[in-house]
Amino acid sequence: GAGVSQSPRYKVAKRGQDVALRCDPISGHVSLFWYQQALGQGPEFLTYFQNEAQLDKSGLPSDRFFAERPEGSVSTLKIQRTQQEDSAVYLCASSLDRFQNTEAFFGQGTRLTVV
Amino acid sequence: SQQGEEDPQALSIQEGENATMNCSYKTSINNLQWYRQNSGRGLVHLILIRSNEREKHSGRLRVTLDTSKKSSSLLITASRAADTASYFCATVQGAQKLVFGQGTRLTINP
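Chains as they are written, first to last, in this note's numbering: chain A, 1 to 115; chain F, 1001 to 1110.
Here's what the structure looks like:
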């Protein structure tokens, strides 16, 4: 596709529900990032993939958060047993190289609201 | 915690004036990147400056980098209402992790 695509754009989940957020990166991009952004804050790093390998998941806030990129392309961020503090915009980004010497392209994000 | 720290947190100026935002970081870098985010949208890359560069221009944007002070500045000249957005700097931690600061919210008043 022309850019990074995320779906759904908006998700309302009841507390305790599991959710899955999808990211389609730009074809051929090696690096893929997930970020969590609270209102008025900067994007907080969650996890990073290089192709299908998850090289850094230090930003995942708890073991309820899980991300995968099984074929080195599409990625899914799963949140189990959602809680109100999980409400945020989840941003996905991809970049061509593995050392971040080129720009990262962002999707529009998924706004998650846990009620 | 975030690698980059932007300053000021918020800036409001009149259309036509110049806007300057600063970013400080803590570790050594290969490059520093600036991004813009309009309300409710994803981030858009503006400019990348490498550690061996001191200044870079792109249209009305001018970025400087001082590796001795671990700081960078973004200057937007002749601001326009459409420049209203949040601006973030980003650096790479470790080999590969791209980390953002908290951003500067810029408001251009017509």
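In this text, a Cβ means the ideal position worked out from N, Cα and C, and glycines have one as well.
Straight-line spacing of the CA atoms in residue 55 of chain A and residue 109 of chain A works out to 22 Å. DSSP places residue 84 of chain A in the helix class (H, G or I) of the three-state scheme. Sequence-distant Cβ neighbours of residue 48 of chain A in its own chain, meaning closer than 6 Å and more than five residues away, are 33, 55 and 56.
A distance below 6 Å between beta-carbons, with the five flanking residues on each side excluded, links residue 1049 of chain F to the following residues of its chain, in chain order: 1032, 1056, 1063 and 1065. By the 16-neighbour rule on beta-carbons within 10 angstroms, residue 1105 of chain F is buried. With contacts defined by Cβ atoms closer than 7 Å, residue 4 of chain A and residue 72 of chain A do not form a contacting pair. Any Cβ of chain A closer than 7 Å to the Cβ of residue 1057 of chain F would place that residue at the interface, and such an atom is absent. By the criterion of a C-beta distance shorter than 6 Å, residue 66 of chain A is surrounded in its chain by 78, once the five residues flanking it on both sides are discounted. Chain A has a Cβ within less than 7 Å of the Cβ of residue 1097 of chain F.
Of all alpha-carbon atoms in F:1092, F:1061 and F:1085, the one lying nearest the alpha-carbon of residue 1077 of chain F is that of F:1061.
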